[in-house]
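Colleague:
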Ligand code: NDP
Ligand code: 2IT
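Residue numbers (this note's numbering): 182 to 627.
Written out as structure tokens, the structure reads:
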């Protein structure tokens with residue numbers, strides 16, 4: 182990167198956020214790809230848009246005390262980072278995982294700005310969560326934690342202010358408990374959270390949306406390059422919400438998914454992973470993925486999750502967590518003939534892994550674009566809540582597919598316009614940025 186303005190902003194980000202490597206990683210990637218835009222747009226430099234966009238509008242950190250099943254008081258730390266509201270109310274998920282700290286929430290909130298912009302819907306960027314570990318907790322403990330979390334969060338959110346949703350460790354159960362508590366405190370119903378249950382304002386397809394959307398985006402990317410899912414071998418990391426519905430859609434589109442994982446290890450099933458069995462195991466029984474092999478002869482379980490990238494495949498869909506594919510894993514994928522990596526998780530590839538993709542001419546679908554189907558469908562849930570109406574599964578699914586098509590088209594054309602044809606990472610960053618930048622410029626120094 183040579184642009185002095187961008188170099189100066191990056192220096193400031195590093196100085197202000199020294200202990201947040203994931204946030205610095207996310208900002209560095211975006212600024213590097215914005216260079217041709219900034220070179221061509223002195224007006225955006227004049228409005229100091231980039232220095233403003235890398236600084237969250239508001240960062241909220243709060244105590245979350247809750248009582249465990251032994252009657253003991255536990256304390257976790259809660260976060261909500263309201264990053265950017267230039268194009269709409271803050272929007273983004275909540276993550277419950279022991280690794281959560283401010284730097285994780287900031288990287289996710291920062292990426293959410295550009296992702297939400299790409300969806301074509303009016304949503305700003307935010308993220309929140311806690312270092313609470315849901316693993317091994319009883320239903321009642323989860324409920325008490327969620328109620329306590331919302332007892333602070335409620336004052337910062339609202340359907341035209343900030344609308345949280347799920348992410349790692351937050352699914353329909355947690356959203357239900359949080360929604361109930363919000364309603365009890367404020368007396369207000371409506372679209373203050375998305376990913377709600379279907380009996381109280383949720384949207385059809387929201388559960389499936391990130392995984393389906395990932396496959397719709399990937400299908401567009403493959404087709405634009407003379408390929409398709411038909412007959413291809415796919416590896417999907419993770420076995421949570423995104424991974425499960427990526428498995429279903431990739432299989433429907435003609436691929437064979439041969440492996441999935443959790444944080445303990447991975448399962449290889451040469452006959453193709455069984456969607457109904459994984460859904461039952463993970464969504465209903467909440468068990469570890471290694472249990473799969475007991476009912477699926479021919480499948481094997483291997484301890485350790487990163488070994489999944491050693492499996493030969495045509496297409497890799499990382500759907501677990503950040504930085505799960507490093508340089509060595511990317512090299513292994515390339516050496517085994519993998520020609521496309523498309524990201525269901527947020528920032529699953531390290532910068533060195535991304536370099537390997539480009540060096541090997543692999544197709545690369547970046548998270549901001551490829552996994553935007555979840556938040557896009559959250560946007561559709563907000564629309565339905567405002568209308569007091571609900572669309573059918575087919576209607577929402579058709580809108581999701583159109584949105585993913587338009588996201589691919591936007592990435593493709595921005596990359597071409599700025600002389601980087603085929604670099605969908607640059608295309609996603611540029612297209613996502615430009616809309617937010619224009620909105621920030623138009624609204625003056627706020
Ligand atoms: P879930 O909690 O449903 O599932 C997470 C999966 O990833 C689990 O299989 C989990 O394994 C695995 N995982 C989590 N952390 C790690 C880790 N540190 N190392 C290895 N495996 C890990 O979450 P989601 O499916 O919702 O989210 C997965 C990814 O997709 C995240 O990056 C999230 O930000 C992103 N995403 C989610 C969206 C959504 O709508 N839910 C939308 C867009 C992106 P284990 O059970 O062992 O922890
Ligand atoms: O990373 C993401 O886009 C999400 N976790 C979904 C956010 C949302 O508001 O639906």
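Even glycine gets a Cβ: it sits at the ideal position worked out from N, Cα and C. All values reported here derive from a predicted model rather than from experimental measurement.
Checking 7 Å against the spacing of the C-beta atoms, do residue 505 and residue 418 come in under that value?
Modeller: yes
Colleague: Inspect the CB distances between the stretch 339-348 and the stretch 265-276 and report whether three or more fall short of 8 Å.
Modeller: Contact holds: three or more Cβ-Cβ distances are below 8 Å.
Colleague: Hey, how far is the Cα of residue 294 from the Cα of residue 588?
Modeller: 14 Å
Colleague: What residue ranges within the stretch 337-379 form continuous beta strand (DSSP E) runs of no fewer than 3 residues, ordered along the chain?
Modeller: Uninterrupted beta strand (DSSP E) stretches at least 3 residues long and entirely within the stretch 337-379 occur at 343-346, given in chain order.
Colleague: Within the same chain, show all residues whose beta-carbon is closer than 8 Å to that of residue 512, passing over the 5 residues directly before and after it, in chain order.
Modeller: Result list for residue 512: 537, in chain order.
Colleague: Whose CA, out of 609, 547, 206, 243, lies closest to the CA of residue 526?
Modeller: Minimum Cα-Cα distance from residue 526 among the listed residues 609, 547, 206, 243 corresponds to 547.
Colleague: Per the contact definition of three or more C-beta pairs closer than 8 Å, is the stretch 466-473 in contact with the stretch 378-396?
Modeller: no
Colleague: Alpha carbon to alpha carbon, how far is residue 196 from residue 621? Give it in angstroms, no decimals.
Modeller: 24 Å
Colleague: In the DSSP output, which residue or residues are listed as bridge partners for residue 291?
Modeller: The partner list for residue 291 (beta bridge, DSSP) is empty, contrary to what the question assumes.
Colleague: May I ask whether a heavy atom of the ligand NDP can be found less than 6 Å away from the beta carbon of residue 423?
Modeller: The closest heavy atom of the ligand NDP lies less than 6 Å from the beta carbon of residue 423.
Colleague: Contact defined as beta carbons within less than 8 Å: I believe residue 302 pairs with residue 613. What is the distance between those atoms, to the nearest angstrom?
Modeller: Incorrect: roughly 12 Å between the Cβ atoms, too far for contact.
Colleague: Out of 489, 558, 520, 615, point me to the one whose CA is closest to residue 677's CA.
Modeller: Since the first and last residues shown for the chain are 182 and 627, residue 677 lies out of range.
Colleague: To the nearest angstrom, how far is the alpha carbon of residue 403 from that of residue 413?
Modeller: Between residue 403 and residue 413, the C-alpha separation is close to 11 Å.
Colleague: For the ligand 2IT, is there a heavy atom less than 6 Å away from the beta-carbon of residue 578?
Modeller: no
Colleague: With 16 as the cutoff for other CB atoms within 10 Å, does residue 320 come out buried or exposed?
Modeller: exposed
Colleague: How many angstroms separate the CA atom of residue 282 from the CA atom of residue 315?
Modeller: 16 Å
Colleague: Return the chain-ordered list of same chain residues with a C-beta closer than 6 Å to the C-beta of residue 541, the five sequence neighbours on each side being excluded.
Modeller: Only 515 meet the Cβ criterion.
Colleague: Mind checking residue 567: buried by the 16 CB within 10 Å criterion, or exposed?
Modeller: exposed
Colleague: Contact check, residue 486 vs residue 443 under 8 Å by CB: the rounded distance?
Modeller: 7 Å
Colleague: Tell me, please, whether the CB atom of residue 225 is closer than 7 Å to any CB atom in chain C?
Modeller: The chain inventory of the structure shown lacks chain C, comprising one protein chain alone.
Colleague: Rounded to a whole number of angstroms, what is the C-alpha to C-alpha distance between residue 377 and residue 369?
Modeller: 15 Å
Colleague: Do residue 440 and residue 496 have their C-beta atoms closer together than 7 Å?
Modeller: Not a contact, by the Cβ cut-off of 7 Å.
Colleague: Buried or exposed for residue 280, going by 16 or more other Cβ atoms inside 10 Å?
Modeller: exposed
Colleague: Do you know how far the Cα of residue 582 is from the Cα of residue 595?
Modeller: 20 Å
Colleague: Report buried or exposed for residue 224, applying the criterion of at least 16 other Cβ atoms within 10 angstroms of its Cβ.
Modeller: exposed
Colleague: Report the CB separation of residue 544 from residue 415 in whole angstroms; it is logged as a contact under 8 Å.
Modeller: No, residue 544 and residue 415 are not in contact; Cβ-Cβ is about 13 Å, not under 8 Å.
Colleague: Of all the options 205, 185, 462, 184, which has the alpha carbon lying nearest to the alpha carbon of residue 194?
Modeller: Considering only alpha carbons, the answer is 205.
Colleague: For residue 214, tell me which candidate among 592, 625, 627, 626 has the shortest Cα-Cα distance.
Modeller: 592
Colleague: Within 10 angstroms of its Cβ, does residue 239 collect 16 or more other Cβ (buried), or is it exposed?
Modeller: exposed
Colleague: Assuming residue 257 is part of the alpha helix (DSSP H), what are its boundary residues?
Modeller: Not the alpha helix (DSSP H): residue 257 falls in the beta strand (DSSP E), residues 254-265.
Colleague: Is the beta carbon of residue 219 sitting closer than 7 Å to the one on residue 260?
Modeller: no
Colleague: With distances taken from CA atoms, which of 522, 374, 529 is nearest residue 564?
Modeller: 374
Colleague: Quick check: the Cα distance between residue 562 and residue 386, rounded to an integer number of angstroms?
Modeller: 10 Å
Colleague: In the DSSP assignment, what are the bridge partners of residue 247?
Modeller: 255
Colleague: Compare the C-alpha of residue 410 against each of 428, 434, 556, 553 and name the closest.
Modeller: 434
Colleague: Under a three-way DSSP split, which group does residue 600 fall into?
Modeller: coil
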